[in-house]
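Below is one structure, written out as structure tokens, with a few remarks after it.
Chains as they are written, first to last, in our numbering: chain H, 29 to 438; chain P, 3 to 140.
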């Protein structure tokens, strides 16, 4: 999940900005709200937040799962309340903006033509990114056979529900004209809408956005640092990265490395322009589509011996993942085509004659390839590793994926 | 009967090893070294890689302690457990019906201990058998 490194700074930025907005509204302080718009306050505060969150990750303190659960509930509920109130007021004709009545036709994916569909789908990949975590945790959950699959379905459903209802509510309440007039100012749009829809209760929504972004900052640093640890142990990156702090028992070098790269990226992009930061998020969507596609193909290759065992296997671990991969690659192709026109990016400027997201995406990719070759020249341990096959008994469900050697696991 | 020692090669656990050897020798008991290798925070992607790294650290640490205890003439065994240190000690304690659990303290303030989850702090509150806390400098 190293791609997450590129987004940590932006998450902290959103957390700080909406935190200032939220407290500004709560305390009726315009100074705080203005501070949220002031880059000289926000950028240093975001960097400090990233450092704080990294430190917490290194200390390895068990952030109370219950507190996280409550926060997530508050966040989802306040978003849904926002959506419900906005939709209701739009239907009543009570919106101060130019409201429109929702129609089923909004949900037609082919209603807006090819380029809009491809960037929409890419946005979908980006939105879904992270929600597959439930599946990645299959070794950690109790009843590892069923829970992750159910959790993945449930989280996808919740994701779909919140995204669609909030999107419909926003469009219905504000109208397309107002939204496209203000399209350059995403945070401003959301802030204004929160105030217009919820009146004096807007701080609840603003603070939920803030806590969500701050929590995401931490939950993005953590898996990235563990990926670093895992790669270092396999010899794919220098072994120093795999150091474990003797007292806190966390991979401290890897964690700080993630923070340093994240901060350099965030500040660097911000110095180029604020829009370049948004373009880097689009670039991220390209990278995510790429590695999701690789994952699908890897699935079929890893289980190749089991594909022909039954029709079910063939469809579920052969045809399904590979079809998904091909769709993502097709999407990637479309996105590369669209992003090669600079007019489709946030900044609207051309870098080397194409859109900045493409330059950033290809750039990150090339840095990885260069690093890979340099590392390959240094040591061959990782490359000497032969591709392994899954344990047939695990595939057939005859034994659990992780044996329990000491019998102490529930 | 058994003396349990939570051992991870920190300065505190070094003093605890000395005390545990003394106790085991005096009352003629077995010594069991316990290392809990579950990663802090528990869940997470790639957690097994983290756990494997901790298992390796635990194996090295307990091997040194095993040598010292055996040299002192105490019958000693090692248990690497896939649980957090305090949980590991309590589980093995129940399993072997240990006389006492010995742990080293690093001299953290109670507040820091409560916030970061120190093992002695946790054990003193929830263990169902005697706990001996040994300070780092004696």
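Beta carbons: idealized from backbone N, C-alpha and C, even for Gly.
Just so you know, these numbers come straight off a predicted model, no measurement behind them.
| query | result |
| --- | --- |
| Residues bridged to residue 103/P (per DSSP) | 6/P, 133/P |
| Three-state class that DSSP yields for residue 38/P in the structure shown | strand |
| Boundaries (first-last residue) of the beta strand (DSSP E) holding residue 81/P | 78-83 |
| Listed by chain order, chain A residues near residue 56/P by CB distance under 9 angstroms | Given the protein chain composition of this structure (H and P), no chain A is represented. |
| Neighbour flag for residue 41/P against chain H, beta carbons, 9 angstroms | yes |
| Residue from 199/H, 205/H, 354/H whose Cα sits closest to the Cα of residue 114/H | 199/H |
| Contacts around residue 260/H, its chain only, beta-carbon distance under 6 angstroms, and the 5 residues preceding and following it disregarded | 267, 269, 270 |
| Neighbour flag for residue 111/P against chain H, beta carbons, 9 angstroms | no |
| Chain-ordered chain H contacts of residue 59/P [CB-CB under 7 angstroms] | 272 |
| Partners in chain H for residue 11/P, counting only beta-carbon separations shorter than 9 angstroms | 274 |
| Proximity test, Cβ basis, 9 angstroms: residue 130/P and chain H | no |
| Alpha carbon of residue 182/H to alpha carbon of residue 76/P, nearest angstrom | 55 angstroms |
| Within 9 angstroms, strictly: CB atoms of residue 207/H and residue 222/H | no |
| Between the CA atoms of residue 275/H and residue 90/P - distance to the nearest angstrom | 17 angstroms |
| Nearest to residue 180/H (by Cα), restricted to the options 196/H, 224/H, 156/H | 156/H |
| 9 angstroms Cβ cutoff met for residue 305/H and residue 367/H | no |
| Nearest-angstrom beta carbon gap, residue 82/P and residue 37/P [assumed within contact, 8 angstroms] | 5 angstroms |
| Residues that residue 261/H contacts on chain P, provided the C-beta gap is smaller than 8 angstroms | 51, 54, 55 |
| Spatial neighbours of residue 245/H in its chain, beta-carbon cut-off 7 angstroms, leaving aside the 5 residues before and after | 36, 39, 40, 43, 77, 78, 81 |
| Residue 17/P versus residue 71/P - alpha carbon distance | 13 angstroms |
| Residue interval of the alpha helix (DSSP H) (run including residue 294/H) | 280-300 |
| 8 angstroms contact criterion, which residue 356/H and residue 317/H should meet: CB distance rounded | 5 angstroms |
| CA-to-CA distance, residue 188/H to residue 98/H, given in whole angstroms | 20 angstroms |
| 7 angstroms Cβ shell around residue 253/H - same chain, five flanking residues per side excluded | 85, 279, 282, 283, 286 |
| Coarse secondary structure for residue 56/P, derived from DSSP in three states | helix |
| Where the alpha helix (DSSP H) through residue 124/P begins and ends | 121-128 |
| Distance CB(residue 32/H)-CB(residue 249/H) smaller than 9 angstroms | yes |
| Simplified DSSP state of residue 209/H, which is helix, strand or coil | helix |
| CB contact check: residue 8/P to chain H, cutoff 9 angstroms | no |
| Short Cβ contact (9 angstroms threshold) for residue 484/H with residue 110/H | This structure gives no information on residue 484/H, because the portion of chain H shown stretches from 29 to 438. |
| 8 angstroms contact criterion, which residue 239/H and residue 103/H should meet: CB distance rounded | 7 angstroms |
| CA nearest to the CA of residue 120/P, picked from 326/H, 277/H, 399/H, 341/H | 277/H |
| Residue 348/H - containing alpha helix (DSSP H), residue span | 348-367 |
| Nearest to residue 75/H (by Cα), restricted to the options 387/H, 134/H, 327/H, 293/H | 293/H |
| Extent of the continuous alpha helix (DSSP H) run through residue 403/H | 384-406 |
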